[in-house]
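Residue 43 is where the sequence shown starts when you use the working numbering, and the numbers rise one by one after that.
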Amino acid sequence: MGDELLEFYASEALTCPRRIYFRLKGYPERWPEFVKVRLNQGIKTHEVLGDILRKRFGFELEKKMILRSQNLGFEIHGRIDAIRDFPIEIKGKTSLPRLPHDYHLAQLNIYLRWAEAEYGYLYYIKLHDEPTKVIHGIDFSRFPIVKGRNFKAFEVPYDRSLFKDILRQFYTIKKYYEKDEPPKGWNNFMCKFCPYYYLCYGNKE
Ligand code: SF4
């Protein structure tokens with residue numbers, strides 16, 4: 043089958059396999075308008091918080107990483123929001139979760155594996171048109187455990203068995219890709235945020 047390795051993204055780990063399949067096959071993305079608004083708010087939030095991490099705490103931002111497996115026939119590409127001796131992944135949310143989402147833990151776990159770090163942090167921050175307002179209310183005095191009203195930080199250790207689960211999932215999707223057959227999707231509330239909604243549910247909004 044040659045040397046060509048399939049490219050997965052760290053942010054896809056443990057997300058809907060059907061969505062990953064559509065992306066690999068090059069179907070065009072069609073983002074719903076409300077998701078675009080959130081994506082833009084998320085970019086601004088990353089910028090403001092990233093700036094603090096870089097200037098005050100010496101982090102490198104948007105660090106590119108690749109994990110490659112010739113045996114499995116794929117690579118995992120990622121861009122780590124902030125890294126120093128450990129990685130930090132920042133998630134902007136309209137409402138803060140009580141516990142981290144599995145797929146966010148999975149994404150961070152890939153970064154931990156790549157960086158050979160024992161633990162990292164997941165920061166959830168409430169999305170806002172003016173993120174500086176939210177970030178002003180954050181207490182950095184006990185960094186990296188950061189506290190604030192619209193903010194939640196989780197310390198996350200590297201998890202070897204989770205990493206194996208991620209590889210297994212990507213490998214399964216690769217098999218579907220080779221067969222040209224879309225795997226079953228999540229079909230849940232997440233579908234309305236998906237750029238391939240139109241493929242799974244037709245053109246209705
Ligand atoms: S619409 Fe839902 S099931 Fe279909 S690819 Fe997107 S997330 Fe998966």
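Think of the CB as a built atom: it goes at the ideal place given N, C-alpha and C, for glycine as much as any other residue. Computed from a prediction, not measured in an experiment: that's the story for all the values here.
Proximity to residue i [Cα-Cα], best of the options
i: K133; options: P173, I215, I208; result: P173
i: I152; options: E46, L209, P224; result: L209
i: S203; options: K189, E89, L147; result: L147
i: A52; options: I167, R80, L154; result: L154
i: Q83; options: Y238, I167, Y218; result: I167
i: E220; options: K226, E54, L56, K67; result: K67
i: V324; options: A159, L103, Y238, C242; result: As displayed, the chain neither begins before 43 nor continues past 247, which places residue 324 out of reach and without an answer.
i: E158; options: K97, F128, T57, L241; result: F128
Close-in-space but distant-in-sequence residues of the same chain around residue i (CB under 6 Å, 5 per side omitted)
i: I108; result: E117, H119
i: E49; result: E117, H119
i: E102; result: I125
Helix, strand or coil at residue i [DSSP, three-state]
i: A55; result: coil
i: E220; result: helix
i: D171; result: coil
i: G308; result: A question about residue 308 goes unanswered here, because the residues of the chain that appear run from 43 up to 247.
i: V198; result: strand
i: E89; result: helix
i: F205; result: helix
Distance cut-off 8 Å: residue i Cβ against heavy atoms of the ligand SF4
i: W73; result: no
i: R254; result: Lying outside 43 to 247, the shown extent of the chain, residue 254 is not represented and no answer is given.
i: Y238; result: yes
i: F64; result: yes
i: N151; result: no
i: N230; result: yes
Rounded Cβ spacing between residue i and residue j (contact assumed at less than 8 Å)
i: V188; j: F196; result: No, V188 and F196 are not in contact; Cβ-Cβ is about 11 Å, not under 8 Å.
i: K175; j: P74; result: Incorrect: roughly 26 Å between the Cβ atoms, too far for contact.
Cβ neighbours of residue i in the same chain (closer than 8 Å, five flanking residues each side left out)
i: G100; result: R126
Closer than 8 Å: residue i CB and nearest the ligand SAM heavy atom
i: G227; result: With respect to small molecules bound, the structure shown includes the ligand SF4 and not the ligand SAM.
Contact set for residue i: own chain, Cβ-Cβ below 7 Å, skip 5 residues either direction
i: D201; result: N151
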